[in-house]
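First residue of the sequence shown? That's 4 in our numbering, and the numbers climb one at a time after it. No residue lacks a Cβ here, since even glycine has one placed at the ideal position from N, Cα and C.
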Amino acid sequence: MHAVNVVTSAYGASLVQTHGQQHFIALAAAAGAAGIEIRRELFPTTPPELGPLADALTASPLNVVYSAPLELFGTDGQLDLASLELALAEAAELGASTLKLPLGHYGAVSDLAPLAQRLADSPIRLLVENDQTPHGGTLAPLVAFFTACRAEDVPVGMTFDIGNWHWTGTDPLAAAVALAPYVDYLHGKGVEARGGKLHAVPLSESDVGWRRLFAHFRADIPRAIEFPLIGDDLAALTVRYVALLAEPLAPNTVEALDVVTFGEAMAMFVADEPGDLAAATYFSRRLAGAETNFCVGMARLGYRVGWVSRLGQDAFGRFVRATLATEGIDCCGVATDPRYPTGFQLKSRAVDGSDPIVEYFRKGSAASQLSRADFDPTYFAAARHFHCTGVAPALSDGTWQFAQHALDFMRSAGKTISFDPNLRPSLWPSEAEMIRRINALAAKADWVLPGIAEGRLLTGCRTPEDIAAFYLAQGARLVVIKLGAEGAYYRSATEQGYVAAVLVDEVVDTVGAGDGFAAGVVSALLEGLPLAAAVARGNRVGAFAIQSVGDMEGLPTRAQLEAASPA
């Protein structure tokens, strides 16, 4: 069972100011709440008269959180030390263990050293909440603030209000993915639009959406009732909602996914100028990973995508989470590994359409520690399609076992499976072992998507027709072979054909084009498009990808794809 706090504002400002916040202490305790959140703005006077409330709190068994609407950073971007000192003093007088403040105007000029110094010996835990303001309730400043706090060992956690994101136009799921490592307290409330305005409403017992959000966070995080408790029997209402928020998350609360995949994501540093990597001075940071490229491609086409992996407890891992969050990719199945790091790579600047040089720093990465023990059947069962590449299974014996089990599970569940060999010879002990294992994985897939060079190496066949026949004989229902500038060839039991490539004015970077191609084909097949049309979409998405620097930056949205599609 989860610890649940009751926020006094849930009873309405008018009622609270009539009776005083101390009136609701016994109500919360009798309902089984673990704590109570006191709100500074609900005191009838400023500064607030804390004595009577402090006495009542001392006599109660409840943990106390003190919330004050005093922004941590002023409009100049610097710590408002006077407001912080005032809030800490008031929290101490109330016997609060935790102080909750809004972020305020944190930015590039903000200095965290004074905050770190003030909190170093404080017995009161400081939490910063996403509020409803554009400067303190949007993703970018909050991610920047908590990332900096972690890097500089500033002891600040986060209060994650699942409802407030709606007021700033932020996707709560994307925020949960990006900010989960920093969250120590959850505010629960529903949001409903009425008369052109947003209103806080109670969480619904039948709605799995808020449970899905809560599932992104540690199980030990206390939850708070911060939605209206309005009715004739406040005691019964409080009991009802304390019990609702205290419930463990049921396995059947996982939302449906269109596609799930797993693999390794890395931070990628692309040289800003062409030439030898050793001579490069400046690099631009981007995201790399075959599976995450595919995820981004599918998500931009409107699909709900889940990605499973392990990331290090480091800046690269936080960067990966934040980047995928902005793409709307579900990372509920991504674990943070405190022992092993997130991998990274260096990539040369490609010129004249040539393939860039890539140097990997991934040995012993957190993703390579993924094992069958990390497989969550409920999460995978929530998806209707599974995409697998040959990259992740090559990382370690654990990832190989994970891939085999995931493929077997999804086949037995009647899900469709796509497989892209995406060969990485340097990750395998030998070429023969790579061929044997990759073909064993391909034999479990419905749709096999090799490149022509890969197909020749894996099958010993030369022509696209014979390569396709090899995999159809192994059990595939469809084989699509990428032919580069010549387009693609497809073959099923009843159809086959060639689809011409999409001509582009300039090839900038070919890396990631195959992953984009896979996203185009798979998305079209999931929509029931004819095979030729599905392959044509794959070619179009791949054409977008090769016109941009970076592995996934050029992948199109649905609107961009449709605008570029022939009439």
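Judged by DSSP in its simplified three-state form, D134 adopts coil rather than helix or strand.
Distances from the CA of A16 to each of A71, A537, E44 and V68 were compared; the closest alpha carbon is that of E44.
Excluding the 5 residues flanking it on each side, F220 has same chain C-beta neighbours closer than 6 Å at A183 and V186, in chain order. Straight through space, the alpha carbons of R324 and W403 are spaced by roughly 24 Å. Within the same chain, and ignoring the five residues on either side of G234 in sequence, the residues whose Cβ sits closer than 7 Å to its Cβ are L240. The DSSP-derived three-state label of C152 is helix. Secondary structure remark: continuous beta strand (DSSP E) runs of at least 3 residues inside the region 204-251, in chain order: 226-228. In the DSSP assignment, C391 forms a beta bridge with F422. Nearest to A246 by C-alpha distance, out of V7, P117 and A397, is V7. Remark: C-beta atoms of V544 and A522 approach each other more closely than 9 Å. The count of Cβ pairs closer than 8 Å, one atom from the region 24-32 and one from the region 121-130, stays below three, leaving the stretches out of contact. Looking at the backbone, the Cα of F520 and that of A203 are separated by about 43 Å. Contact between S207 and E267 fails: their C-beta atoms lie close to 37 Å from each other, not under 8 Å. The DSSP-derived three-state label of A370 is helix.
Under the three-state reduction of DSSP, R197 is assigned to strand. Note on I360: under 16 other CB atoms within 10 angstroms of its CB, so exposed under the neighbour-count rule. The shortest CA-to-CA distance from R215 to any of S568, T48 and T381 is the one to T381. Annotation for I28: the continuous alpha helix (DSSP H) segment containing it runs I28 to A33.
Around the CB of M269, 16 or more other CB atoms lie within 10 Å, so the residue is classed as buried.
Contact between the region 484-498 and the region 461-474 is present: 3 or more CB-CB pairs across the two stretches fall below 8 Å. About 14 Å separates the Cβ atoms of A370 and L327, ruling out a contact at the 8 Å cut-off. Note: L82 is bridge-paired with F76 in the DSSP secondary-structure output. Around the C-beta of H388, 16 or more other C-beta atoms lie within 10 Å, and the residue is accordingly described as buried.
Taking C-beta atoms as the reference points, V19 and G38 fail to come closer than 9 Å.
F322 places its beta carbon 9 Å or farther from that of E294. Taking a contact as a CB-CB distance under 8 Å, the pair T150 and A318 counts as one, their CB atoms being some 7 Å apart.
At least 9 Å separates the beta-carbon of V262 from that of H408. Note: Q499 is bridge-paired with R494 in the DSSP secondary-structure output. DSSP lists M269 as the beta-bridge partner residues of A291.
Cβ-Cβ separation between T171 and H190: approximately 14 Å, too far for a contact (criterion under 8 Å). L290 sits close to D554, with the two beta carbons spaced by under 9 Å.
Three or more Cβ pairs drawn from the region 523-530 and the region 295-310 lie within less than 8 Å of each other, which places the two stretches in contact.
Our two residues, T136 and T48, have alpha carbons roughly 25 Å apart in a direct line. DSSP, read as helix, strand or coil, puts M161 in strand. D449 has its alpha-carbon roughly 24 Å from the corresponding atom of G336. In this model, S568 and A535 are separated by some 14 Å (Cα to Cα).
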